[in-house]
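Heads up, the thing below is written out as structure tokens.
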Amino acid sequence: MRAAFGVAVSMLMASAGLAQAPTAPIAKAVAPVPVQATTSAVLPNGAHPLTAEDLESFLDGFVPIAMAKGGIVGTVVVVVKDGKVLVKKGYGYSDLKSRKPVDPEGTLFRPGSVSKLFTWTAVMQQVEAGKIDLDADVNKYLDFTIPPRNGKPITMRDVMTHTPGFEEAIRGLITANPALGDNEATLKRWIPKRVFDAGSTPAYSNYATGLAGYIVQRVSGEKFDDYIDRHILAPLQMQNSTFRQPLPDRLKPMMSTGYLDPVKPVVPFEIVNMPPAGALSATGTDMGNFMIAHLQNGAFGDGQIMKPETAIQMHETARSVMEPLNNMRLGFYQQDINGHRVITHGGDTLAFHSLLTLFLDENVGIFQSVNTTGVPNGNFRQALFEAFADRYFPAPNTDKPYDPKLAAEQAKQIAGTYVVARGAFSNWLAVGGLLGQQKISVNADGTVSLDMMKDGAGFPKRYAAIGPFLWREVGGHDRLGAKLVDGKVRFISADAVSAIIVLEPSPAGINASWLLPAAGAALAAVIATVLLWPVSAIVRRRFGKPLGFTGQRLKAYRAVRIGGVILLAASAIWTFLLSTMFGPGGMEKMMGMDWLLILVQILSILGFVGGFGLALWNLSAVLKGPSGWFGKLWAVVLVLSFAVLLWFAWHGKLLAIGTNF
Numbered sequence: 000m001r002a003a004f005g006v007a008v009s010m011l012m013a014s015a016g017l018a019q020a021p022t023a024p025i026a027k028a029v030a031p032v033p034v035q036a037t038t039s040a041v042l043p044n045g046a047h048p049l050t051a052e053d054l055e056s057f058l059d060g061f062v063p064i065a066m067a068k069g070g071i072v073g074t075v076v077v078v079v080k081d082g083k084v085l086v087k088k089g090y091g092y093s094d095l096k097s098r099k100p101v102d103p104e105g106t107l108f109r110p111g112s113v114s115k116l117f118t119w120t121a122v123m124q125q126v127e128a129g130k131i132d133l134d135a136d137v138n139k140y141l142d143f144t145i146p147p148r149n150g151k152p153i154t155m156r157d158v159m160t161h162t163p164g165f166e167e168a169i170r171g172l173i174t175a176n177p178a179l180g181d182n183e184a185t186l187k188r189w190i191p192k193r194v195f196d197a198g199s200t201p202a203y204s205n206y207a208t209g210l211a212g213y214i215v216q217r218v219s220g221e222k223f224d225d226y227i228d229r230h231i232l233a234p235l236q237m238q239n240s241t242f243r244q245p246l247p248d249r250l251k252p253m254m255s256t257g258y259l260d261p262v263k264p265v266v267p268f269e270i271v272n273m274p275p276a277g278a279l280s281a282t283g284t285d286m287g288n289f290m291i292a293h294l295q296n297g298a299f300g301d302g303q304i305m306k307p308e309t310a311i312q313m314h315e316t317a318r319s320v321m322e323p324l325n326n327m328r329l330g331f332y333q334q335d336i337n338g339h340r341v342i343t344h345g346g347d348t349l350a351f352h353s354l355l356t357l358f359l360d361e362n363v364g365i366f367q368s369v370n371t372t373g374v375p376n377g378n379f380r381q382a383l384f385e386a387f388a389d390r391y392f393p394a395p396n397t398d399k400p401y402d403p404k405l406a407a408e409q410a411k412q413i414a415g416t417y418v419v420a421r422g423a424f425s426n427w428l429a430v431g432g433l434l435g436q437q438k439i440s441v442n443a444d445g446t447v448s449l450d451m452m453k454d455g456a457g458f459p460k461r462y463a464a465i466g467p468f469l470w471r472e473v474g475g476h477d478r479l480g481a482k483l484v485d486g487k488v489r490f491i492s493a494d495a496v497s498a499i500i501v502l503e504p505s506p507a508g509i510n511a512s513w514l515l516p517a518a519g520a521a522l523a524a525v526i527a528t529v530l531l532w533p534v535s536a537i538v539r540r541r542f543g544k545p546l547g548f549t550g551q552r553l554k555a556y557r558a559v560r561i562g563g564v565i566l567l568a569a570s571a572i573w574t575f576l577l578s579t580m581f582g583p584g585g586m587e588k589m590m591g592m593d594w595l596l597i598l599v600q601i602l603s604i605l606g607f608v609g610g611f612g613l614a615l616w617n618l619s620a621v622l623k624g625p626s627g628w629f630g631k632l633w634a635v636v637l638v639l640s641f642a643v644l645l646w647f648a649w650h651g652k653l654l655a656i657g658t659n660f
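What follows is the structure in structure tokens.
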């Protein structure tokens, strides 16, 4: 079950692929003819000139190798500079079966959450028009109510900086059923619980983005899809892009097939149930136009999709929780590298994985998207971004030596177990907060590692101290930092995710360092008790030896074992549901399993709560009647085992009745 939640956390963080696959056929499919780079004047820090010729040479050398390593079927890369497309290239196939190549102008990719940048752009257009106030209660614009938390409402600034305080909501987030792609219906069906005060804690929220899109629709008087078409896509000449689901007939032949890996069944066209959060389908060339508009502060061709001051406001810091780590802008998140100002946004569907990056001062943007999840830790997007930055915008390492004694003390202070703030807290997926806790370890060389931050080989990155509660990835760019309040660690995060996700120290009562081993031992004790029940009966019957007790003792003996059977049945169903949820097509499959959710929740109450009560009864019966020391000891073990498992189930919300998650 823990392994299933490892996959769950990886999916929610969009930090890993789902499956490994052979890559050799892909490597052959995309081998290009290298382009010889030209020489030019020497640039600072050994930088290469960012010309079309040099860039093509770099991409043709880097991308096919990275695709082969990552098990990627098809890729599109578009780079813009100074208001023009510098390079647009497709690699591999948009459809593996027909060997149809990727065309940057004619192949549609699903940018996933990069779509949010269009929603945020629409919001800022309405801010500019005076119809939205960034700091007003969003309920002002809604026809339903988002409850306050601790007296604090949610503002659009909270929404755009991913600090509204919502728990995760992923029910039906991505399916193949067009009927589920109704943003308004999804928003009103269930409002996720607010688990943090507004503005306090970065916790990425698709639900909040859905709210933003609905607000644009209400204040503009136009349906969201129509609004995006008229006010963003049309002015930017993005003729082959749309938020509409399913695709208009004209665009269907252009859609790339999506893959988990090159050998598994293809992923059907994915319907996002909150379209403003991730429903865009776009070509690489069209995405180039969007980047140009933002790099030119709203200008594109002879038009302007927003005033320069509005665009600049979007691109500047809007909320900083984890200084000096990267922070949130209005919709974009900071991803500075080599001393250069960079804003970005990534996006993931089940099959497509994308990244849009803007180097603000250099007037350069790069969009990349792949149509395959590929191998775990293939790391294609981040690897290309960093290689591009190191080639064209390098900088010397300016980190200064940090006091080894302080470094050791601070490493020891942050070591421990942490809970990811982005997660569920009121429904059955809260068990992910237990099984998916992250550990910070101090390595033998004094560096520190955070479980979830992996290198390209799948190993935890090592971070060396460079300042007070600040560490740099050894041989890399990423930084790890801690925020302290009153001398105690409040948050931990890393540059790669700090704008949108933080980790909090795990409370002692649910700390995975003791709870998971204890729950594992408790489960083993219950399994042993249940399995030995029929075995011992067979042995007694074989040798004609009676059980040795009757009456209440016998009833309690049988009852606690029946409770164990129910608990194990519930655990097996939970394991099945988790494996289904985070397997191929899991979100859609779960939509038809509400009955099973209710059933397992009832079984959990009977097995975990009832089982604990039966274990207490059994202990009482054992202590009152004649019994050897082992019988008494095992009765105590069963009480403790059921108690630990009840504690786990309670905090994992496995006893909560409901189908929302």
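So for the sequence shown, numbering that gives the first Met the number 0 puts the first residue at 0; every next one is plus one.
Where a beta carbon is used, it is the ideal one built from N, C-alpha and C, also for glycine.
Remember, predicted model here, so these are calculated numbers, not experimental data.
Practice prompt. State the Cα-Cα distance for the pair G610 and V430, rounded to the nearest angstrom.
Written response: 20 Å
Worksheet entry | Segment contact flag, the segment 117 to 130 with the segment 92 to 109, C-beta cutoff 8 Å, min 3 pairs | no
Worksheet item: Is it the case that the Cβ atoms of S505 and Q436 are separated by a distance below 7 Å?
Response: yes
Discussion item. How far does the alpha helix (DSSP H) with S93 in it extend, from its first residue to its last?
Written reply: Careful: S93 lies outside any alpha helix (DSSP H), inside the beta strand (DSSP E) at 83 to 94.
Fill in: Distance between D228 and L514 (C-alpha atoms, nearest Å)
51 Å
Practice prompt. Given a cut-off of 7 Å, decide if N617 and A555 are closer than it, judged by their beta-carbon atoms.
Written response: yes
Worksheet item: For V29, which of helix, strand or coil comes out of DSSP?
Response: Since pLDDT at V29 reaches only 35, below the 50 mark, its modelled position is unreliable, and the value read off the structure follows with that caveat. Residue state, collapsed to three classes: coil.
Practice prompt. Can you give me the Cβ contacts of F117 inside the same chain, cut-off strictly under 7 Å, excluding the 5 residues immediately before and after it?
Written response: I227, I231, L279
Fill in: Within the segment 425 to 468, ranges of the beta strand (DSSP E) (whole runs, at least 3 residues)
437 to 441, 447 to 449, 462 to 466
Worksheet entry | Three-pair Cβ contact test at 8 Å for the segment 392 to 408 versus the segment 156 to 171 | no
Discussion item. Helix, strand or coil, according to DSSP, for L618 in the structure here?
Written reply: helix
Practice prompt. Identify every residue that forms a DSSP beta bridge with S368.
Written response: V75, S353
Discussion item. By the three-class DSSP mapping on this structure, what secondary structure does W189 have?
Written reply: coil
Discussion item. Helix, strand or coil, according to DSSP, for L653 in the structure here?
Written reply: coil
Item to complete: Quick one: grab the DSSP three-state call for M592.
Response: coil
Fill in: Beta-carbon proximity list for G364, same chain, < 6 Å, skipping 5 on both sides
V79, M290, L294, L357
Worksheet item: For A168, which residues from the same chain have a beta carbon less than 6 Å from its beta carbon, with the 5 sequence-adjacent residues on both sides left out?
Response: P191, Y206
Item to complete: To the nearest angstrom, report how far apart L598 and L577 are at their CA atoms.
Response: 15 Å
Worksheet item: Nearest-angstrom Cα distance between G70 and G373?
Response: 5 Å
Worksheet item: Taking three-plus beta-carbon pairs below 8 Å as touching, is the segment 584 to 595 in contact with the segment 169 to 184?
Response: yes
Fill in: Simplified DSSP assignment, three categories, for V501
coil
Practice prompt. Indicate the three-state DSSP secondary structure (helix, strand or coil) for V320 in the structure shown.
Written response: coil
Discussion item. Going by beta-carbon coordinates alone, are K88 and L58 separated by less than 7 Å?
Written reply: yes
Discussion item. So, under 8 Å CB-CB, G209 and T241 are touching, yes? Tell me the CB distance rounded to an integer number of Å.
Written reply: Actually they do not touch by this definition, with Cβ atoms about 18 Å apart.
Worksheet item: What are the partner residues of I311, as DSSP defines its beta bridges?
Response: Beta-bridge pairing links I311 to no other residue.
Practice prompt. Decide if L644 is buried, meaning its Cβ has at least 16 other Cβ atoms within 10 Å, or exposed.
Written response: buried
Worksheet item: Who are the near neighbours of L354 in its chain, counting only those whose CB is closer than 7 Å to its CB and skipping five residues on each side?
Response: T343, G345, Q367, R380, F384
Fill in: Pick from G651, V84, D81, S93 that is closest to G73, judged by C-alpha positions
S93
Worksheet item: Over what stretch of residues does the beta strand (DSSP E) that includes H344 continue unbroken?
Response: 341 to 347
Discussion item. Given this structure, state the Cα-to-Cα distance separating W470 from P201, to the nearest angstrom.
Written reply: 20 Å
Item to complete: Determine, using beta carbons only, whether F223 and G212 come nearer to each other than 7 Å.
Response: yes
Discussion item. On the DSSP bridge list, what partners appear for R328?
Written reply: T316
Worksheet item: Are the segment 618 to 638 and the segment 566 to 573 touching by the rule of at least three beta carbon pairs closer than 8 Å?
Response: no
Fill in: Three-state secondary structure (DSSP) of D389
helix
Practice prompt. Please check the pair D157 and A121, which I expect to be a contact at CB under 8 Å, by giving their CB distance rounded to whole angstroms.
Written response: No, D157 and A121 are not in contact; Cβ-Cβ is about 17 Å, not under 8 Å.
Discussion item. Starting from V101, trace the beta strand (DSSP E) in both directions and tell me its first and last residue.
Written reply: V101 -> no beta strand (DSSP E), and no H or E assigned at all.
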